[in-house]
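One structure is given here, and the rest of the page talks about it.
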Amino acid sequence: MKKIWLAPIRFYQKFISPMLPPRCRYYPTCSTYALTAIEKHGIIKGTIMGTSRILRCHPFVKGGLDYVPTTFSLKRNPGEECHHDH
1 MKKIWLAPIR FYQKFISPML PPRCRYYPTC STYALTAIEK HGIIKGTIMG
51 TSRILRCHPF VKGGLDYVPT TFSLKRNPGE ECHHDH
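Note that the UniProt record's numbering has the sequence shown beginning at 1, numbered continuously upward.
This is the structure we're talking about:
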């Protein structure tokens, strides 16, 4: 079931994302974050975490490092600001 749920994200990463300019303000990217969150926390919690992350990714945020936490959380992980292009 999890593989089916992850398929649209993998499709986006392989076929759609390469055609678009880089725009994710975080590292890892929002799609990678969502994949990791679903793999770590299951379909429901991982999807909620991935959606929350996508909603936080906008031009009015600095971005930076934001790895999937080991415990379920909708808050951004405190991390160093990212100083490279994505």
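By construction, the Cβ of each residue, glycine as well, lies at the ideal position given by its N, Cα and C atoms.
- Rounded to whole angstroms, M1 and C30 show a C-alpha spacing of 21 Å.
- T71 has its alpha-carbon roughly 31 Å from the corresponding atom of P18.
- Secondary structure at G64: strand, using DSSP grouped into helix, strand and coil.
- About 5 Å separates the CB atoms of Y26 and G63; that is less than 8 Å, so the two are in contact.
- Each residue's CA atom was taken as its position, placing A7 and I16 some 13 Å apart.
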